[in-house]
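Student: Residue numbers (our numbering): 306 to 670.
For each residue, glycine too, the CB sits at the ideal point set by N, CA and C.
One structure, as structure tokens, below. Some questions next.
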Ligand SMILES: [Zn+2]
């Protein structure tokens with residue numbers, strides 16, 4: 306059944322000439338085609354719905370995914386799969402694979418995504434959902450972010466449905482993380498989290514010719530988001546990182562009008578005013594373009610308006626010393642791992658003897 310979406314909607318695929326030799330599939334070219342052109346394309350080419358940095362097919366080069374291709378080889382027949390997909394109201398392309406026989410059905414199902422998915426972990430959630438819930442009996446290696454599919458033989462009968470919806474990927478988790486590079490309306494390529502808020506950008510979640518989106522930071526949820534008017538006014542929240550990366554300015558805090566550094570050296574917690582110039586040197590943000598965005602980011606994310614006190618706590622759970630800052634309460638908790646350490650009650654005051662600090666902090670030491 307011909308549907309108007311076939312020509313209007315497009316999908317970006319990574320392609321390499323069709324071959325059945327695993328070793329030949331290291332480099333792929335990213336190409337945008339109409340949905341209607343998928344059947345002929347996946348006969349001529351090996352393909353992937355994943356775009357890799359430089360086209361180099363490695364998990365670590367994962368940029369984003371525009372869809373997922375399930376590889377069904379046990380259980381479901383083609384007819385059963387079609388019924389399930391139509392019940393779910395999903396657009397799809399179903400292509401029998403090279404080893405398909407009438408007795409044993411083996412086929413691929415390409416499901417275009419509603420939006421580009423930049424987060425590998427969300428991509429993996431979607432892949433698991435498709436192969437577990439929508440098309441049970443599809444393959445196990447679904448979470449492979451270097452995944453590609455062999456092209457179908459010339460005479461296979463490929464079926465499609467483009468009258469429904471692309472699978473809504475916004476339900477499966479954040480679509481981007483702090484490594485996301487975006488392009489501003491003025492054509493500058495920059496990390497989304499380094500940008501001044503509300504700067505117009507080309508939406509990273511659809512093929513955006515005109516800048517339809519902006520980045521902003523929500524103080525309440527302490528997180529970044531991208532809002533795109535062309536993507537049905539969707540707000541795309543950032544995936545919070547489990548571990549700190551160098552961009553998080555781990556040791557640096559905004560306090561008062563200045564920049565402070567905190568950390569643990571050996572057994573001692575320290576806090577020192579370092580000032581903005583030193584902050585830019587230490588975080589490699591000294592260049593003119595990087596200075597203001599970096600300082601703005603620090604203030605928005607890590608501003609302590611008021612310091613109350615420092616609590617020193619023995620912590621049997623901890624395997625190393627660490628500290629936590631609560632910017633709302635102004636309380637810093639220093640957790641000491643339960644290994645013998647020197648008398649820690651007051652070493653911060655006595656050892657550091659930082660007069661500037663005592664003069665500046667409005668709490669009793
Ligand atoms: Zn968009």
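#1: Can you say whether residue 641 is buried or exposed, counting buried as having 16 or more other CB atoms within 10 angstroms of its CB?
#2: Does DSSP put residue 471 in a helix, in a strand, or in coil?
#3: Thinking just about the alpha-carbon of each residue, which of 538, 606, 471 is nearest to the one in residue 525?
#4: Tell me the start and end of each unbroken alpha helix (DSSP H) in the segment 405-466 that is at least 4 residues and wholly inside, in chain order.
#5: For residue 313, which option in 339, 319, 330, 321 has the closest C-alpha, if you only look at C-alpha atoms?
#6: Ligand 1 heavy atoms versus the CB of residue 521: any closer than 7 Å?
#7: Would you mind stating whether residue 461 and residue 375 have Cβ atoms separated by less than 8 Å?
#8: In the DSSP output, which residue or residues are listed as bridge partners for residue 507?
#9: Report the three-state DSSP secondary structure of residue 390 (helix, strand or coil).
#10: Just the C-alpha distance for residue 619 and residue 522, rounded to the nearest angstrom, thanks.
#11: Going by the CB atoms, is the gap between residue 569 and residue 627 shorter than 8 Å?
#12: Rounded to the nearest angstrom, what separates residue 464 and residue 360 at their Cα positions?
#13: Can you tell me whether residue 592 is buried or exposed, with buried defined as 16 or more other CB within 10 angstroms of its CB?
#14: If contacts are defined as beta-carbon pairs under 8 Å, then residue 380 and residue 415 qualify, I think. What distance do you get, rounded to the angstrom?
#15: To the nearest angstrom, report how far apart residue 681 and residue 413 are at their CA atoms.
#16: Scan the segment 552-599 and note each continuous beta strand (DSSP E) run of 3 residues or more that stays entirely inside, going in chain order.
#17: Quick one: give me the first and last residue of the beta strand (DSSP E) that residue 632 is part of.
#18: For the segment 576-586 against the segment 556-566, do three or more pairs of beta-carbon atoms, one drawn from each stretch, fall closer than 8 Å, so that the two count as touching?
#19: Please state whether the Cβ-Cβ distance between residue 369 and residue 421 is less than 8 Å.
#20: List the residues that DSSP assigns as beta-bridge partners of residue 536.
#21: Looking at residue 518 and ligand 1, is the gap between the Cβ and the nearest heavy atom below 7 Å?
#22: Per DSSP, which one or two residues make a beta bridge with residue 337?
#23: What is the DSSP secondary structure of residue 514, reduced to helix, strand or coil?
#24: Suppose you measure from the CA of residue 424 to the CA of residue 357; what does that come to, to the nearest Å?
#25: Using alpha carbons as the reference points, say which of 344, 572, 514, 323 lies closest to residue 488.
#26: Should residue 457 be labelled buried (16 or more other beta-carbon atoms within 10 Å of its own) or exposed?
#27: What is the DSSP secondary structure of residue 642, reduced to helix, strand or coil?
#28: How should residue 396 be labelled, buried or exposed, when 16 other C-beta atoms within 10 angstroms of its C-beta is the threshold for buried?
#29: May I ask you to list the residues that DSSP assigns as paired with residue 609?
Tutor: Reading it off the structure:
#1: Along the chain shown, one-based indexing puts residue 641 at 336. Taking every protein chain shown into account, the CB of residue 641 has 16 or more other CB atoms within 10 angstroms, so this residue is buried.
#2: By 1-based counting over the chain shown, the position of residue 471 is 166. Of the three classes helix, strand and coil, the one that applies to residue 471 here is coil, per DSSP.
#3: Position 220 of the chain shown, counting from 1, holds the residue named residue 525. Measuring from the Cα of residue 525, the nearest candidate turns out to be 606.
#4: Listed in chain order, they are 425-434.
#5: Along the chain shown, read from residue 1 onward, the residue named residue 313 stands at position 8. Of the listed residues, the one whose Cα sits closest to residue 313 is 339.
#6: As a working mapping, residue 521 is identified with position 216 in the chain shown. No; taking the cut-off as 7 Å, the Cβ of residue 521 has no heavy atom of ligand 1 nearer than that.
#7: Taking the chain shown and counting its residues from 1, one reaches residue 461 at position 156. Taking the chain shown and counting its residues from 1, one reaches residue 375 at position 70. Not closer than 8 Å, so no.
#8: For this step, residue 507 is matched to residue 202 along the chain shown. In the DSSP output, where bridge partners are listed per residue, residue 507 has 488.
#9: Your numbering for residue 390 matches position 85 in the chain shown. Per DSSP, reduced to three states, the secondary structure at residue 390 is helical.
#10: Within the chain shown, numbered from 1, the residue matching residue 619 stands at position 314. Within the chain shown, numbered from 1, the residue matching residue 522 stands at position 217. Residue 619 and residue 522 have their C-alpha atoms spaced approximately 35 Å apart.
#11: For the purposes of this step, residue 627 is taken as the residue at position 322 of the chain shown. For the purposes of this step, residue 569 is taken as the residue at position 264 of the chain shown. In this structure, residue 569 lies closer than 8 Å to residue 627 by Cβ.
#12: The count along the chain shown starts at 1 and reaches residue 464 at position 159. The count along the chain shown starts at 1 and reaches residue 360 at position 55. When rounded, the distance between both Cα atoms is 28 Å.
#13: Here the question's residue 592 lines up with position 287 in the chain shown. Looking at its Cβ environment, which holds fewer than 16 other Cβ atoms inside 10 Å, residue 592 is exposed.
#14: Reading the chain shown from its first residue, position 75 is the one you call residue 380. Reading the chain shown from its first residue, position 110 is the one you call residue 415. The Cβ separation is near 19 Å, so there is no contact.
#15: The shown model of the chain, from 306 to 670, leaves out residue 681, and the question about it has no answer.
#16: Listed in chain order, the complete beta strand (DSSP E) runs (minimum 3 residues) inside the segment 552-599 are 557-560, 563-570, 573-578.
#17: Within the chain shown, residue 632 is the residue found at index 327, counting from 1. In this chain, residue 632 is not harboured by any beta strand (DSSP E), its DSSP state being neither H nor E.
#18: Touching, yes.
#19: Reading the chain shown from its first residue, position 64 is the one you call residue 369. Reading the chain shown from its first residue, position 116 is the one you call residue 421. Yes.
#20: In the chain shown, counting from the first residue as 1, residue 536 sits at position 231. Looking at the DSSP output, residue 536 sits in no beta bridge, so it has no partner there.
#21: The count along the chain shown starts at 1 and reaches residue 518 at position 213. Correct: residue 518 has its Cβ closer than 7 Å to ligand 1.
#22: Numbered from its first residue, the chain shown carries residue 337 at position 32. Under DSSP, residue 337 takes part in a beta bridge, and its partners are 317.
#23: One-based indexing of the chain shown puts residue 514 at position 209. Three-state result, residue 514: coil.
#24: One-based indexing of the chain shown puts residue 424 at position 119. One-based indexing of the chain shown puts residue 357 at position 52. Residue 424 and residue 357: Cα-Cα distance of roughly 13 Å.
#25: As a first step, residue 488 is located in the chain shown; it is residue number 183 there, counting from the start. Distance from the Cα of residue 488 is smallest, within the candidate group 344, 572, 514, 323, for 514.
#26: Taking the chain shown and counting its residues from 1, one reaches residue 457 at position 152. Result: buried.
#27: Mapped onto the chain shown, residue 642 falls at position 337. Note: residue 642 maps to strand in three-state DSSP.
#28: To locate residue 396, count along the chain shown from 1; it is residue 91. The residue is buried, with at least 16 neighbouring Cβ atoms inside 10 Å.
#29: Position 304 of the chain shown holds residue 609. Note: residue 609 sits in a beta bridge opposite 560.
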